[in-house]
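Asks:
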């Protein structure tokens, strides 16, 4: 799943294993919940009422978490036919400009993600149209909850501080929505890392190049005896 990426430090290996494990767990949970729901629906004429909502949130987590992972391992697809017409120094400049644009865009996404999520967590959104200039009072929306997802009993301790002592009937929305700012922060961090790699000459692009040729080379040995 790592597209040939190999971490170079112990911390890097731990983080890399954690990311791949998290992605695998999310995929596994989506598959298990969907499978159980299909069996219950067609076999017993019932189902998990919260199953669809759970899978929807898990899929959102997979996308938001996976896009930063794909930046790290250079797995995002792109068209480099025009870029390859230029010399290596020019391609490096283009890659640096592209990484700067991506970093700027990720910063905007992070601000927007925080401003959207913060009221659900009883926190303040940032002020400023493009860049955070501080915090401004936001309407507390911590009482919003999911439609069907039940509230786990072991999370009841948050009710005193998040819902003015009122009990949640369903899972509060700030919990599944927290992946928005986390995912955008990870994306920004990975784009900065990618920009540093390009600047230092470790990497040459933000995207995977010639993935078809790489895949052919990877399986070439399988046809060697034909």
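In my numbering, the protein residues as written are 241 to 466.
The beta carbon of each residue, even a glycine, is placed where N, CA and C say it ideally should be.
Please read these numbers as outputs of a predicted model, since none were measured by experiment.
Quick one, which of 291, 357 and 366 has its alpha-carbon nearest residue 422's?
Replies: 357
Asks: Between the region 409-424 and the region 381-391, are three or more C-beta pairs nearer than 8 Å?
Replies: yes
Asks: Determine the burial state of residue 439: buried for a count of at least 16 other Cβ atoms within 10 Å of its Cβ, exposed for fewer.
Replies: exposed
Asks: According to DSSP, what are the bridge partners of residue 195?
Replies: The shown model of the chain, from 241 to 466, leaves out residue 195, and the question about it has no answer.
Asks: Tell me whether residue 314 is buried or exposed, calling it buried when 16 or more other Cβ atoms sit within 10 Å of its Cβ.
Replies: buried
Asks: Can you say whether residue 281 is buried or exposed, counting buried as having 16 or more other CB atoms within 10 angstroms of its CB?
Replies: exposed
Asks: Can you have a look at residue 258 and say buried or exposed, based on whether 16 or more other CB atoms are within 10 angstroms of its CB?
Replies: exposed
Asks: Does DSSP classify residue 446 as helix, strand or coil?
Replies: DSSP places residue 446 in coil when its eight states are reduced to three.
Asks: When you compare only the Cα positions, how much space is there between residue 408 and residue 391?
Replies: 7 Å
Asks: Going by DSSP in three states, residue 247 sits in which element: helix, strand or coil?
Replies: coil
Asks: Measure how close the beta-carbons of residue 366 and residue 351 come, nearest whole angstrom, since I'm counting them as under 8 Å.
Replies: About 6 Å; that satisfies the 8 Å criterion.
Asks: Counting only runs that start and end within the region 316-368, where is the alpha helix (DSSP H) found for 4 or more residues in a row?
Replies: 328-357
Asks: For residue 353, collect the residues of the same chain with a Cβ closer than 6 Å to its Cβ; drop the 5 residues on either side in sequence, then sort them by chain order.
Replies: 420, 421 and 424
Asks: Around the Cβ of residue 428, are there at least 16 other Cβ atoms within 10 angstroms (buried) or fewer (exposed)?
Replies: Residue 428 is buried by the Cβ-count criterion.
Asks: If you reduce the DSSP assignment to three classes, tell me which class residue 421 lands in.
Replies: helix
Asks: Three or more C-beta pairs under 8 Å: does that hold for the region 311-331 against the region 429-437?
Replies: yes
Asks: Going by beta carbon distance, what residues of the same chain come within less than 6 Å of residue 287, once the five residues before and after it are set aside?
Replies: Here the set comprises 277, 280 and 281.
Asks: Output needed for residue 323: all residues of its chain with C-beta closer than 7 Å, excluding positions within five of it in sequence on either side, in chain order.
Replies: Taken in chain order, the residues that qualify are 331 and 334.
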